[in-house]
């Protein structure tokens, strides 16, 4: 296992579990790298909530549970979201919400910062605009 730990954005698991899409195979390859011990990932509690919310809205309850359980299994840590993280999110929101970055993604950044993580694996390019955060696309990791 590598010493570096990456934050895994929810879109990686959802593309991997989803229907055919150009990002499905690269995202599945990232998860396979985690299984194989090539990379270590962390998530936060909000990632699990996003999975349950999205698949629940689609009435795909079994998929929601399968993806969430898979993330619990793969992640070395499920980082908590508490008052400290929410207060940091407020500060980030003030800076970045006017640029179009959504609150839930700023929450992930706050959790990352509170846990000394600087790299996120994500397909969302808006992470590229957040100071101190390095986004790696699935193809960055797998090639």
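Residue numbers (this note's numbering): 1217 to 1359. Virtual Cβ for every residue (Gly too), placed ideally from N, Cα, C. In this text, all values refer to a predicted model and were calculated from it rather than measured experimentally.
1. Look up residue 1352 in the DSSP assignment and give the residues it is bridged to.
2. If you check the beta carbons only, do residue 1334 and residue 1348 fall under 8 Å apart?
3. When you compare only the Cα positions, how much space is there between residue 1283 and residue 1307?
4. Taking the CB atoms as reference points, tell me whether residue 1345 and residue 1315 lie closer together than 8 Å.
5. Hey, out of 1285, 1251, 1277 and 1252, whose CA is closest to residue 1263's CA?
6. Measuring CB atoms only, is the region 1248-1259 touching the region 1290-1304, in the sense that at least three cross pairs come out at less than 8 Å?
7. Short check: CB of residue 1336 to CB of residue 1225, under 8 Å?
8. Apart from the five residues just before and just after residue 1279, which ones in its own chain have a Cβ nearer than 8 Å to its Cβ?
Taking the definition as stated:
1. Answer by DSSP bridge pairing, in chain order: 1337.
2. A contact, by the Cβ cut-off of 8 Å.
3. Between the C-alpha atoms of residue 1283 and residue 1307 there is a straight-line separation of about 31 Å.
4. Between residue 1345 and residue 1315, the CB-CB gap stays under 8 Å.
5. Among 1285, 1251, 1277 and 1252, the Cα nearest to that of residue 1263 belongs to 1285.
6. Judged by pairs of C-beta atoms under 8 Å, the region 1248-1259 touches the region 1290-1304, as three or more such pairs exist.
7. In this structure, the beta-carbon distance from residue 1336 to residue 1225 falls below 8 Å.
8. The beta carbon of residue 1279 lies closer than 8 Å to those of 1233 and 1271 in the same chain, with the five residues before and after it left out.
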